[in-house]
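Undergrad: Chains as they are written, first to last, in the numbering used here: chain A, 3 to 788; chain B, 74 to 516; chain C, 133 to 295.
Think of the CB as a built atom: it goes at the ideal place given N, C-alpha and C, for glycine as much as any other residue.
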Amino acid sequence: MLEIEIDGKTLQVADGSTIIEAAHQLGTYIPHFCYHKKLSIAANCRMCLVQVEKAPKPMPACATPVTNGMKVFTHSELAVKAQKGVMEFLLINHPLDCPICDQGGECQLQDLAVGYGESASQYQEEKRVVPDKDLGPLVSTDMTRCINCTRCIRFTAEIAGFMELGQSFRGERAEVMPFIGKTVDTELSGNIIDLCPVGALTSKPFRFSARTWELSRRKSVSPHDGLGSNLIVQTKHDRVMRVLPLENEDINECWLTDKERFSYQGLSSAERLTKPMVKQGGEWKEVDWSVALDYASHALRDVAKTHGGAAIGGLLSPHATLEEMYLAQKLLRGLDSENIDFRLRQSDFSADGKRKGTPWLGMKIADIGRLDRVLVVGSFLRKDHPLVAQRLRQSAKRGAQISILHSADDDLLIKLAARAIAAPSQLPAVLAEVVKAVAELKGVAADPALAKVGAGLVDVNAAKKIAASLVSGSDGGKCAGILLGNFAQQHPQAATLSALAQQLAGLLGGSFGFLGEAANSVGGYAAKAIPTAGGLNAAAMLKDPRHAYVVVGAEPELDCADGAQALASLTKAAAVVVLSPFKSQAMLDYAAVLLPVSPFSETSGTFVNTEGRVQSFYAAAKPLGEARPAWKVLRVLGNLLDLNGFAFNSSEEVRAEALDGQPEFVSGLDNGIDGATLNLTASPNGLERVADVPIHFSDPLVRRAPALQQAADSAAPTARMNAATLAKCGLASGDKVKVGAGGTAAVTLPAQFDAGLPDGVVRIAAAHADTVALGAMSSVLSVEKA
Amino acid sequence: MALIDTINPLLTTGWSKGDAGWSLKDYEARGGYVQLKRILASKMTQDDLIAEVKKSVLRGRGGAGFPTGLKWSFMPKAAPEKYVVCNTDEGEPGTFKDRDLMRFDPHSVIEGMIIAAYAVGAKLGYNYIHGEIFDMYQRFEEALDQARAAGYLGNNILGSDFSFDLFAHHGWGAYICGEETGLLESIEGKKGQPRYKPPFPANFGLYGKPTTINNTETFAAIPFILGMGGEAYLNLGKPNNGGTKLFSVSGHVNRPGNYEVPMGTPFAKLLEMAGGMRGGRKLKAVIPGGSSAPVLPADIMMECTMDYDSIAKAGSMLGSGAVIVMDETVCMVKALERLSYFYFEESCGQCTPCREGSGWLYRVVHRIEHGEGRPEDLDLLNRVTDNMMGKTICALADAAAFPVRSFIKHFKSEFEYHIENKKCLVDPEVQRAGSGFFKAGAA
Amino acid sequence: MTNQNDMLSPEAIKKIDREVAKYPADQKQSAVMAALVIAQDEKGWLSKETIAAVAGYLGMAPIAAYEVASFYNMYDLQPVGKYKLTVCTNLPCALSGGVHAADYVKEKLGIDFNETTADGRFTLKEGECMGACGDAPVMLVNNKRMCSFMLPEQIDKLLAECK
Ligand SMILES: Cc1cc2nc3c(=O)[nH]c(=O)nc-3n(C[C@H](O)[C@H](O)[C@H](O)COP(=O)(O)O)c2cc1C
Ligand code: SF4
Ligand code: FES
């Protein structure tokens, strides 16, 4: 610890602290632009100059390390003169037109100029003009306003992992720009808007739509991936105008993914369902709520009466709130149906009934950064969990070794220690090899069940390299973590992968867990939205069609493991009751009644994130049209069906019942599986499909966000193969190919070369209208030139 | 040109044969690489070696004059990976000594670097050579090949257990890469934007590893210091200003060129060696240490001796030893305008005061020179320089400010005349004649 | 996309490899300055495709290579004439005729700084200090050839030589 005095106040700071950090600890504000606690120190703006006793010159607080006994003056004559001098320089080439600038009202330069600027500058020479840049559909530029703080550049290089922006030319001609003709395509691009202290980088979708002081703001929680990023939702006249990160060091730090930041545009999609609708004689009619609810309750009651409760299936979106899931399962159980599930993209349910508890991350999110060895299994990590990838990227820079076992070698922009890329059917075998290799390195016996894994099948060396990395961590792997991604959880041998990960963690003395796919991947378990003994899981209730379905918040043809089958079963059903914020053509085809419910922004509710943290939020805006919060709709339905236990006055009451109080973390988190049977055999004939869920297609809301749909990450699906596979099929990149499942050619896509795929696989995105017809996410496909 | 005149030549001993005397065999014939051999054969300790250099009070010849031995002693002993880097990015207007060192005696620099590497425990070194002197870069590469072939570079040099390799890296047109951390960034394949210090290169240098960086002339002096002993070298000059130094004399003298003289030699003597004032005209002003040093009027300059202390006392800096001589045909406003343009053009652009201030200074001086000056401009210029000096990452902002302040300080009336009369005090025809361009053979 | 035309020739690659070999194995980027010079010598100037090709070869972000190409002023980001003449006009040179030499060339070629003669033969640039002030006026031809003491006679000779 070091002792420092700032403006006469003494405090202790950690060794290696800078003056600005010390001042922050004290609550003393030192003006700054280039400094940002998450970025490397540039010390280029010079705004943070302060006086340090015995130093002949003012020192930059952001870059000056504290020494013991140092005396700092942030407001002395010398300091203020230096700060004012810098401010004058910053303003000479900066347009002084705050009233027409989109940053007006939330501009650090504007704020500081009030404190440190002189009213009139003596600069009477010509001002610099800098041409604007096209950074893509999300970030708009006004480069003449740029003060060259280089925060945005450092963000792309350091946080997003690839330098997409640079400062070209030099001196006064220095310009921040992407490479000529390039845009900024990182899935984290929107953060540069927040980082820009002036109005040079602003939100393209938000641009000029409102002034900050016209906006009301509400805290909220991201409805997308399992991280549960904290949000500030800004509204004007009950319309969401902008979403910003709410800083939470334990979760999203100060970042948001572009998906979380810009998906709000989907809230005002033309496809919003704003009136209850019923289908009568094949015709859709807009009706009053009472009519629609009556219709829905009658339909369900009829099916339950005539065919029994088991004839009804409940498909709940994992993005639905805890309260919605809880009431939906209560409703279905009230109708004597045990067919309830929210794990729509899962295909292996063999662990059901054997789980010791709710599968979760296995650690706190913040603890990911403390792992010194990490193995990520089956994950399109950068696109599925951008902020987890970001944490691991920083870990790798600090010396942590990150490895991956997956079926695609996408560039994670993380320095990897080892990687094993194998066809989906081989993932369990490779992971088994890792387990065996770790056991060998540790000198303990491996599970005898693994002995029979065919070594010839898999890349044993890659597995050994992963094992060596894991074991080389501190205490032989005690700080190692095995993270199972979405792909591993959706895998047809998911339970085996999970059991192997458990063995691996056991051997290492480390931890393992699941990267939650959706906002409520843990909350669904807490809400009991899974079948108990005798009930059908999501896959089963679609494979074995039901007479009626209740669909909450999902678009099963896009959100289920086998969209084609989902569509077929729903279409066949006598009654499909849909609670959804959106309507689609598919829904109009299969549903009997459409109940307009609120998206996350228009309801109160709770998401339980992947670390089990309970995060509740209030509505940020009034429901659009006649939409109503789904928990209320389900409550009324429960009442109409004369079910017990639906007397809730608030979503808080629902939550209290579901969680048995108001815990900070849900109870019962446990990744253990009792008596798991390993399924290590798999030898598919033909091309195995590798299906990713593209980042901007993962749920109904983001699919409807127009700016995101124009982003580079929203490109139309292709059939990606490596060179050998392309050659084997007699194809060249760019050829149109017919891709079929089970013999019949189903869709036509362009072939695309992808060097990162293993032999014998074709990668085709799921969750996209173009590929629904292909059916199951994991399947064997035929590919031929169209 | 090869050497014209010298007193007590060390560095320039090999220059007499001009372009015919640079290669390895010539250098060896003059006693080259003997010191390296001696050090390796005697297994001299690093501490003894550094102590010898300290004794010489050799001060860095790149401009800042920092004691070289002391700098070397900052290198952490234990670090496994260390570098030595030579700064031949000579771009300070008026300085052209390192070019001649590269041209006439590159092996003295190579030997100096090998000895430095031995002293600080580096295994790899680079010489960063100004892009504009590409022919010298090529010559240096040739010299490196010769040294490598003779076993002076590479693994187990001359059969010892000391290994060191050295490569040339060229710049491509950026003055700022002369600043040592800008130079390191440039070797790393980036823009030459200086780094904030601390940490200093001795702790965090090339590729983040401990690095010793010295000027070409500094390294070239090392073999001579070891040859004659640190004390004898010191005694060549004056206390605190050891040895001899190369002075690049340019401008209005009859024989511009490099002159090696002992530290403490009177300026008047140096001027005389350079052939005196061109056309016998009157000395008006001298910039004694490269364009970044404050200008001194003739009378002050004529009293100075050429060493760090005397020039500092007179209010300027010895800098890199570039002596820019100006006679009475010079318009001081125009001279300043050109210098201000240089700093405006060469600011790397990262620090706000330098990026914005250097352009501001240039534009105001340009206006004054072009008859659009305002009475308040001189105060403005002083105020702007005030806000630049000492407020940036590197010293370029100070370098931009010093000329402005010193020109205004010593030649204020000329600036005032310009502002008032919207024209030069010195008649344009007189100015035109000063350059000697139009009368062929003036030199 | 880099098209065939802008790919680096095998000779250029060989030269670049020689530069890469100077640096530690994980510091390929150090060779970018030399590689850009090699590419510029081969292509005459640095198009964005050429810069991207160099960046790709050295495994760096294209914008990082562009930063370098735009920072150092002897890289040409626009096509130049067959002979690029750079005249130093900095103060030490100017004292001995640097500006006059530039004026002389301008008049002879009928172009100003940053212009190219209609026949595509000459481009004229204003240079900063080249570290050869003792030889003033100095001039660089195509970045690599330094010409000293460029008084009218010498300039005439040089221009005549540049066919
Ligand atoms: C703007 C600027 C330009 C510089 N240019 C040079 C240069 O061209 N050559 C040089 O040796 N040092 C130059 N320096 C000084 C170097 O930063 C550094 O002090 C020097 O190379 C150290 O070597 P020395 O101790 O042997 O002098 C420059 C410094 C600044 C701030
Ligand atoms: S002072 Fe100027 S040249 Fe030096 S680092 Fe700052 S901006 Fe660059
Ligand atoms: S915040 Fe310290 S220099 Fe910019």
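In chain A, which residues lie with their C-beta within 8 Å of the C-beta of K464(B)?
TA: Per Cβ cutoff of 8 Å: R48, L51, K59, P60, A84, G87 and V88.
Undergrad: Please return the same chain residues whose Cβ sits closer than 7 Å to the Cβ of K311(B), not counting the five positions on each side in sequence.
TA: Result list for K311(B): M336, G337 and D380, in chain order.
Undergrad: Look at P598(A) and T323(A) and say whether their C-beta atoms are less than 8 Å apart.
TA: No, these two residues do not count as a Cβ contact at 8 Å.
Undergrad: Which term fits R172(B), buried or exposed, when burial requires 16 or more other beta carbons within 10 angstroms of its beta carbon?
TA: Looking at its Cβ environment, which holds 16 or more other Cβ atoms inside 10 Å, R172(B) is buried.
Undergrad: Whole angstroms is fine: what's the gap from S319(A)'s alpha carbon to A434(A)'s?
TA: For S319(A) and A434(A), the distance between alpha carbons rounds to 33 Å.
Undergrad: Taking the straight line between their C-alpha atoms, what separation do you get for N274(C) and S393(B)?
TA: Rounded to whole angstroms, N274(C) to S393(B) spans 28 Å at the Cα level.
Undergrad: Going by DSSP in three states, W95(B) sits in which element: helix, strand or coil?
TA: The answer is coil: DSSP assigns W95(B) none of H, G, I, E or B.
Undergrad: Can you say whether D450(B) is buried or exposed, counting buried as having 16 or more other CB atoms within 10 angstroms of its CB?
TA: By the 10 Å Cβ count, D450(B) comes out buried.
Undergrad: Please report how far the alpha carbon of T143(A) lies from the alpha carbon of A550(A), in whole angstroms.
TA: Taking the straight line from one Cα to the other gives about 51 Å.
Undergrad: Check the Cβ-Cβ distances between E154(B) and every residue of chain A, and say whether any is below 8 Å.
TA: For E154(B), the answer is no, since every Cβ of chain A falls outside 8 Å of its Cβ.
Undergrad: Of the choices F602(A), L643(A) and Q14(A), whose alpha-carbon is the least far from that of P225(A)?
TA: Of the candidates F602(A), L643(A) and Q14(A), the one whose C-alpha sits nearest the C-alpha of P225(A) is F602(A).
Undergrad: Return the chain-ordered list of same chain residues with a C-beta closer than 6 Å to the C-beta of V74(A), the five sequence neighbours on each side being excluded.
TA: I8, I21, V52 and V54, listed in sequence order.
Undergrad: Does the beta-carbon distance from G192(A) to L269(A) come in below 8 Å?
TA: It is not a contact, given that the beta carbons lie outside the stated cut-off.
Undergrad: Rounded to whole angstroms, how far is the Cβ of L689(A) from the Cβ of V785(A), which I believe are closer than 8 Å?
TA: Confirmed, Cβ separation roughly 6 Å.
Undergrad: For F297(B), which residues in the same chain have their Cβ closer than 6 Å to its Cβ, ignoring the five residues on either side in sequence?
TA: Result list for F297(B): L83, in chain order.
Undergrad: From H698(A) to T720(A), what does the alpha carbon distance come to, in whole angstroms?
TA: Spanning the two alpha carbons is a distance of roughly 15 Å.
Undergrad: Examine ligand 2 and report whether any of its heavy atoms sits within less than 7 Å of the Cβ of D138(B).
TA: Looking at the sequence itself, residue 138(B) is Gly, so the reference to Asp does not match. Checking every heavy atom of ligand 2 against the Cβ of G138(B), none is found closer than 7 Å.
Undergrad: Please report whether the beta-carbon of G315(B) lies at a distance below 8 Å from any beta-carbon of chain C.
TA: Taking Cβ atoms only, chain C never reaches closer than 8 Å to G315(B), which makes this a no.
Undergrad: How many Å lie between S486(B) and G444(B) at the Cα?
TA: Roughly 15 Å separates the two Cα atoms.
Undergrad: For a cutoff of 8 Å on Cβ pairs, would you count S735(A) as touching chain C?
TA: It does not: the Cβ of S735(A) has no partner Cβ on chain C nearer than 8 Å.
Undergrad: Which residue spans inside the stretch 550–582 of chain A form an unbroken alpha helix (DSSP H) run of at least 4?
TA: The qualifying runs are 558–561 and 565–574.
Undergrad: Could you give the DSSP three-state label for N681(A): helix, strand or coil?
TA: Reduced to three states, the DSSP call for N681(A) is coil.
Undergrad: Is it the case that the Cβ atoms of V635(A) and L486(A) are separated by a distance below 8 Å?
TA: Against a cut-off of 8 Å, the Cβ pair of L486(A) and V635(A) comes out as no contact.
Undergrad: Just list the residues that DSSP pairs D238(B) with in beta bridges.
TA: Looking at the DSSP assignment, D238(B) forms a beta bridge with L197(B).
Undergrad: For the stretch 254–282 of chain B, which segments carrying the beta strand (DSSP E) assignment without a break, of at least 3 residues, lie completely within its bounds, in sequence order?
TA: Listed in chain order, nothing qualifies, since the stretch 254–282 of chain B has no complete beta strand (DSSP E) run of 3 or more residues.
Undergrad: For G224(B), does the count of other Cβ atoms within 10 angstroms reach 16, so buried, or fall short, so exposed?
TA: Result: exposed.
Undergrad: Shorter than 8 Å from the beta carbon of H491(B) to some beta carbon of chain C?
TA: No, H491(B) does not count as interfacial toward chain C.
Undergrad: Please report how far the alpha carbon of E659(A) lies from the alpha carbon of R335(A), in whole angstroms.
TA: If you take the alpha carbons of E659(A) and R335(A), they lie about 16 Å apart.
Undergrad: In this structure, does DSSP put D400(B) in helix, strand or coil?
TA: In the structure shown, D400(B) sits in a strand (DSSP, three-state: E or B).
Undergrad: What residues from chain C crowd round P180(A), counting only those whose CB sits closer than 7 Å?
TA: Residues of chain C passing the Cβ test: I195.
Undergrad: Among S352(A), E340(A), V462(A) and L394(A), which has the Cα closest to the Cα of S500(A)?
TA: The candidate whose alpha carbon is nearest that of S500(A) is S352(A).
Undergrad: For the stretch 263–294 of chain C, enumerate the residues whose C-beta is nearer than 8 Å to any C-beta of chain B, in chain order.
TA: Taking 8 Å as the Cβ-Cβ cut-off against chain B, the residues of the stretch 263–294 of chain C that qualify are G263, A264, C265, G266, D267, A268, P269, L272, N275, K276, R277, M278, F281, L283, P284 and E285.
Undergrad: Starting from K11(A) and walking both ways along the beta strand (DSSP E), at which residues does that stretch end?
TA: Taken as a continuous stretch (DSSP letters only), the beta strand (DSSP E) holding K11(A) covers K11 to V15.
Undergrad: Whose C-beta lies closer than 6 Å to the C-beta of Q112(A) among residues of the same chain, with five residues either side of it excluded?
TA: So the qualifying residues of the chain are C100.
Undergrad: Have a look at V668(A), G107(A) and L596(A) and flag the residue whose alpha-carbon is nearest the alpha-carbon of V616(A).
TA: When only C-alpha atoms are compared, the closest one is V668(A).
Undergrad: Apply the 10 Å Cβ neighbour rule to A366(B) and answer buried if 16 or more other Cβ atoms are within range, or exposed otherwise.
TA: With 16 or more Cβ atoms within 10 Å of its Cβ, A366(B) is classed as buried.
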